[in-house]
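The sequence shown begins at 86 in the working numbering and counts up one residue at a time. Glycine residues also receive a C-beta, built at the ideal position from the N, C-alpha and C atoms. Bear in mind that the values here come from a model prediction, so they are computed numbers and not experimental data.
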Amino acid sequence: MSIGQRIDQTIREIPPAAQRTPRVLDAMRAVPRHPFIPAYAQALLGPAEIERMIDLDADPDTWWDAVYSDSVIVTQVDDGAGAIKPGADTPTSSASAPSTVADLLGWLNPEPGQRVLEIGTGTGWTAALLSHLVGERGTVTSIEVDATVAEQAAKNLATAGARPHLIVADGAGGCAQRAPYDRVHVTCGIRDVPYAWVEQSRPGAVIVLPYCPGLGNGHGLRLVVMPDATAHGRFTGFAAYMMMRSQRPPTPVRDDGGGRDLTTRIDPRTIAFAAPGALLAMAALTGLQVTYKQQDDQVLLWAMDQDDPGIWTLVVHEPGRAEFEVYELGDRPLWDEVTDAYFRWVSWGEPGRDRFGMTVTPEGQRIWLDDPERGRLA
Ligand SMILES: C[S@@+](CC[C@H](N)C(=O)[O-])C[C@H]1O[C@@H](n2cnc3c(N)ncnc32)[C@H](O)[C@@H]1O
């Protein structure tokens, strides 16, 4: 099968959506993905993200099929502390799934001749796609925090014939020297939007980022920069990404005894499997990190204070129970806070993700429902 046929096969796997524009899909045809994928990597195949090691030398067919499928390819684990191998390491760099890349680029809509700032170079594939989209007269500045990842990206980009300007630094500071930007494209998960990105963008510029506040999967956020150097925008859809290094959630939680055993009538799955709009409301109203794990026939849900590993709550769903166990540590009633926020969202008529938005100012960020001023949540 030719590269072109493989690319068309990948594009056929990407479900049609308004943001997946013909320009972005054409860029994916023009910029093949394989020069950015190492010979040995970990693929997360299909919607279920089934883990599979891919090895170009030992099993080329599986490698090519994975590279040209709608799958995440993990290229670094544990910040490079260990080599990629089968098992439960923490992915820290990857080539994102083509459908997610298409979504973000569609929301960003970079035009020929524009100046783009990218945060999270990773393999370099999206920097190459951005370079193609802005063309010869545009510029792409891409920042990667990990020097080893950046070095490999530079090699990949040279092989592919793309020439973005690469910087090794913490992308939270942007790059003032190469500002102003027309577009800012962020490919690591963000909890607190750095104001530098707004400050370094011209009025009318678009910033697209995966907002990952710590409840469920992330949300695409498309901000537009205003003449007064603030930015407003709405949540656009699904976008799950690896967190920006400095914004990772607190782990592990600490248990120094003294916790309280309680019970609740509210099934923790109500929170764990809540709709995206509910997740945004709970994130805005509580500021908590909430994660869950399915283990045999149990669902375990943790709510955590993002700043204090000694404040957390565990709620366990076991089938057939009228009440569920709650273990609460620290002086905040986190389960009450989370469930109160959930039922406030229900009382508003269960608004969907696209009715929520964010405003970013030099003082910080706030989330709103429907109206940036009257609908302020936090
Ligand atoms: C999902 S990968 C990016 C995918 C990439 N755009 C591509 O096309 O392959 C996320 C990247 O963000 C990088 N990263 C994490 N924190 C960062 C930070 N503070 N500044 C810049 N890059 C960061 C990670 O090292 C990782 O390489």
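Can you pull the DSSP bridge partners for residue i?
i    : result
I318 : The sequence given here places Gly at residue 318; Ile does not occur at that position. Per DSSP, L308 and M443.
T424 : DSSP lists no partner for T424.
M138 : Q127
R469 : The chain is shown only over 86 to 463; residue 469 falls outside these bounds and no answer can be derived.
V384 : Q379 and H402
G449 : T446
S178 : Q161
F323 : H304
M328 : G274
P295 : G305
Would residue i and residue j qualify as a contact pair, given that the criterion is a beta-carbon distance under 8 Å?
i    : j    : result
Q374 : G449 : no
T106 : S154 : no
F441 : F320 : yes
P197 : V225 : no
Q199 : R114 : no
A128 : I158 : yes
V230 : G256 : yes
N238 : G274 : Correcting the residue type first, residue 238 is Ala in the shown sequence and not Asn. No, the Cβ-Cβ distance between A238 and G274 is not below 8 Å.
L190 : L214 : yes
W430 : A366 : yes
V271 : L242 : no
D390 : R417 : yes
N302 : A325 : yes
T211 : M327 : no
T398 : Y412 : yes
A187 : V116 : no
Given 7 Å as the limit, tell me if residue i has its C-beta closer than that to any heavy atom belonging to ligand 1.
i    : result
A257 : yes
Y266 : no
V411 : no
T79  : This structure cannot speak to residue 79, because the chain is shown only from 86 to 463.
I204 : yes
R330 : yes
A397 : Residue identity check: residue 397 is Trp in the sequence provided, not Ala. No - ligand 1 has no heavy atom lying nearer than 7 Å to the Cβ of W397.
T272 : yes
D231 : yes
A180 : yes
I452 : no
Y296 : no
I228 : yes
Judging by CA-CA distance, which residue of the options is the nearest neighbour of residue i?
i    : options                   : result
M86  : R108, W149, A133 and I252 : W149
L141 : I122, A314 and P132       : I122
L385 : V401, D421, G301 and T371 : V401
Q332 : G342, V278 and D340       : V278
W420 : I452, T371 and E403       : T371
A254 : T444, I135 and I204       : I204
D174 : D144, L364 and E136       : E136
Query raised in the report: For the 8 Å Cβ check, are there 3 or more pairs between the stretch 301-318 and the stretch 272-289?
Result: Counting Cβ pairs under 8 Å, three or more are found: they touch.
Requested in this report: Evaluate the contact criterion for the stretch 339-359 versus the stretch 404-411: three or more CB pairs, one atom per stretch, below 8 Å.
Outcome: Segments in contact, yes.
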